[in-house]
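Chemist: Structure provided below as structure tokens; questions to follow.
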Amino acid sequence: MASVLVFDSGSGGLSVLKEIRSLLPGQDCHYLADVAAFPYGNWEEGALAEHVVGLTSDAVEKTGAGVLVIACSTASTLVLPLLRERLTIPIVGTVPAIKPAAALTDTGVISVLATPGTVKRDYTFELIAKWAPETAINLVGSENLAEMAEQKLAGHPVDGQRLAAEIDPCFVEKDGRRADVLVLGCTHYPFLADDIERYAKWPVRLVDPSAAIARRVAEVLGKNIADVLPGGHQSDNGRASEAGALTFETTGAQSDFPSIARSALGLKNFNDLSTDP
Ligand code: DGL
């Protein structure tokens, strides 16, 4: 069975891995966190592209993965075309969910919260031109939220005032219409969804693309979504499939990564995890 390699600069991609495991519990997965280079948000584009293409190509070779998931919008919005030229396996990216957000908004005003890198990318502007040309899009580059999500996953309390300051620019009005949809344009942010809702200036619908990315992974693996039963147990001739193997690797020493991954994936004990340092 082809394994799936999920990649991010840190723990954010665990939000995507969680959905993949929920949809496809029998799927073997590897997770690679580039913690030595985190955060990607302010990297110069050329250097980041070269770095990510090199690292992920090597990891695909090493793991023998059959599908690569770039569970990082900051990287996806930059390297997807390059990676697709370089690798022969299917690549699933995560890019800001502009299309579903445009379908959801009632006011026609949307905020996209992402890293400073993602909100500057041509790719993001192309998505807007293609899927939301009539919608008012407010792009918000956050300097600190990805790190705040890492801190939360490591067990530290979220500083509400600091979080409120980061999300404040999302709450805009245009011609008397308030932004009513907020795109979580970085895979770290779903881990702060409760906090974002709590400190939101007014109610907004959050768009978290993780589940859609998992469905796309199932599709490229040739799984029939209709066979995936509610509750996450994939039908296999009437039998629930066995839990897939899971391995983790980080580019730098991060001794608490197993505990972060356990909490992010909702696993009960360390035996649920195998680490591959
Ligand atoms: N999780 C990443 C993303 O989706 C990047 C966070 C970072 O490295 O700044 O954009």
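Residue 228 in the working numbering sits at position 243 of the sequence shown; the count goes up by one each step and never skips.
Built from N, CA and C at the ideal position, the CB exists for glycine as well.
1) Look at the Cβ atom of L231, then the Cβ atom of C57, and state whether they are nearer than 8 Å.
2) One question on the structure: do S(-4) and A199 come within less than 8 Å of each other, judged by their Cβ atoms?
3) Would you say the beta carbon of G(-5) is closer than 7 Å to some non-hydrogen atom of the ligand DGL?
4) For T176, name the three-state secondary structure that DSSP assigns.
5) Leaving out five residues on either side along the sequence, give the residues of the same chain with a beta carbon under 8 Å from the beta carbon of S42.
6) Measure the beta-carbon distance from A82 to P175 and round it to whole angstroms, keeping in mind my assumption that it falls under 8 Å.
7) Go ahead and pull the three-state DSSP assignment for P262.
8) Can you give me the start and stop residues for the beta strand (DSSP E) that I122 sits inside?
9) Would A268 pass as a contact of I95 if the rule is Cβ separation under 8 Å?
10) Return yes when at least one heavy atom of the ligand DGL lies under 7 Å from the C-beta of G237, else no.
11) State buried or exposed for E4, treating a residue as buried only when at least 16 other CB atoms are found within 10 Å of its CB.
12) Quick check on K105: does DSSP put it in helix, strand or coil?
13) Of the choices Y184, G207, L177, V168, whose alpha-carbon is the least far from that of V192?
14) Look at the alpha carbon of W116 and the alpha carbon of T90, and state the distance between them as a whole number of angstroms.
15) Can you round the beta-carbon distance between D19 and L40 to whole angstroms, since I take them to be within the 8 Å contact cut?
16) Alpha carbon to alpha carbon, how far is I55 from A203?
17) Using DSSP bridges, identify the partner residues of G78.
18) If contacts are defined as beta-carbon pairs under 8 Å, then G126 and V104 qualify, I think. What distance do you get, rounded to the angstrom?
19) Put H141 into one of helix, strand or coil per three-state DSSP.
20) For G16, I'd like the list of residues in its chain whose CB is within less than 6 Å of its CB, leaving aside the five on either flank, ordered along the chain.
21) Note down, in chain order, each residue of its chain lying with its Cβ closer than 8 Å to the Cβ of A246, except the 5 sequence neighbours on either side.
22) Starting from L2, trace the alpha helix (DSSP H) both ways and give me its first and last residue.
23) So what's Y184 in DSSP terms, helix, strand or just coil?
24) Any idea what DSSP makes of D43, helix, strand or coil?
25) If you measure from the CB of A196, is any heavy atom of the ligand DGL nearer than 7 Å?
26) Within its chain, find whatever has a CB closer than 6 Å to the CB of V37; leave out the 5 residues flanking it on each side and keep chain order.
27) Can D165 and R183 be called in contact, C-beta distance under 8 Å?
28) Can we count A131 as close to the ligand DGL, meaning its CB is less than 7 Å from some heavy atom?
Modeler: With the given structure in hand:
1) In the sequence shown, residue 231 corresponds to position 246, counting from 1. In the sequence shown, residue 57 corresponds to position 72, counting from 1. The answer is no: Cβ separation not under 8 Å.
2) Position 11 of the sequence shown, counting from 1, holds the residue named residue -4. Position 214 of the sequence shown, counting from 1, holds the residue named residue 199. Going by C-beta atoms, S(-4) is not nearer than 8 Å to A199.
3) Counted from its first residue, the sequence shown places residue -5 at position 10. G(-5): yes, Cβ under 7 Å from the ligand DGL.
4) Translated into positions along the sequence shown, residue 176 becomes position 191. The sequence as given places Phe at residue 176; Thr does not occur at that position. Helix at F176.
5) Along the sequence shown, one-based indexing puts residue 42 at 57. Here the set comprises L68, R71, L72.
6) On the sequence shown, residue 82 is found 97 positions in, with the first residue counted as 1. On the sequence shown, residue 175 is found 190 positions in, with the first residue counted as 1. Going by Cβ atoms, the distance from A82 to P175 rounds to 11 Å, so no, they are not a contact pair.
7) Start at 1 with the first residue of the sequence shown, and residue 262 comes out as number 277. Residue placement at P262 cannot be trusted, given a pLDDT of 38 that sits under 50; what the coordinates show is reported in the next sentence. Residue state, collapsed to three classes: coil.
8) Against the sequence shown, residue 122 aligns to sequence position 137. I122 -> beta strand (DSSP E) spans 121 to 126.
9) Residue coverage of the chain in this structure runs from -14 to 262, which leaves residue 268 outside it and unanswerable.
10) On the sequence shown, residue 237 is found 252 positions in, with the first residue counted as 1. No.
11) Numbered from 1 along the sequence shown, position 19 holds the residue referred to as residue 4. Result: buried.
12) For the purposes of this step, residue 105 is identified with residue 120 of the sequence shown, where counting begins at 1. In the structure shown, K105 sits in a helix (DSSP, three-state: H, G or I).
13) Within the sequence shown, residue 192 is the residue found at index 207, counting from 1. When only C-alpha atoms are compared, the closest one is V168.
14) Sequence index remark: in the sequence shown, residue 116 carries index 131 (1-based). Sequence index remark: in the sequence shown, residue 90 carries index 105 (1-based). If I take the Cα positions, the gap works out to 13 Å.
15) If you number the sequence shown from 1, residue 19 lands on position 34. If you number the sequence shown from 1, residue 40 lands on position 55. Their Cβ separation, rounded to whole angstroms, is 6 Å, which keeps D19 and L40 in contact under 8 Å.
16) For the purposes of this step, residue 55 is taken as the residue at position 70 of the sequence shown. For the purposes of this step, residue 203 is taken as the residue at position 218 of the sequence shown. C-alpha separation (whole angstroms): 15 Å.
17) Translated into positions along the sequence shown, residue 78 becomes position 93. According to DSSP, which records beta bridges pairwise, G78 is partnered with I55.
18) As a working note, residue 126 is residue 141 in the sequence shown. As a working note, residue 104 is residue 119 in the sequence shown. Indeed, because the Cβ distance is near 4 Å, the residues count as touching under 8 Å.
19) Stepping through the sequence shown from its first residue, residue 141 is reached at position 156. Reduced to three states, the DSSP call for H141 is coil.
20) For the purposes of this step, residue 16 is taken as residue 31 along the sequence shown, with counting starting at 1. Reading off the sequence shown, one finds Tyr at residue 16, where the question assumed Gly. V(-9), L2, F233, listed in sequence order.
21) Sequence index remark: in the sequence shown, residue 246 carries index 261 (1-based). S(-4), L(-1), Y16, F233, L252, L258, listed in sequence order.
22) On the sequence shown, position 17 is the one that residue 2 refers to. -1 to 8 is the extent of the alpha helix (DSSP H) around L2.
23) The residue you call residue 184 lines up with position 199 of the sequence shown. Residue state, collapsed to three classes: helix.
24) By one-based count along the sequence shown, residue 43 stands at place 58. Helix at D43.
25) Position 211 of the sequence shown, counted from the start, is the residue given in the question as residue 196. Flag unset: Cβ of A196 not near the ligand DGL.
26) In the sequence shown, the residue the question calls residue 37 occupies position 52. Closer than 6 Å at Cβ, skipping near neighbours: A60, V64.
27) Position 180 of the sequence shown, counted from the start, is the residue given in the question as residue 165. Position 198 of the sequence shown, counted from the start, is the residue given in the question as residue 183. Taking 8 Å as the Cβ cut-off, D165 and R183 do not qualify as a contacting pair.
28) As a position in the sequence shown, residue 131 is number 146, starting the count at 1. At least one heavy atom of the ligand DGL is nearer than 7 Å to the Cβ of A131, so yes.
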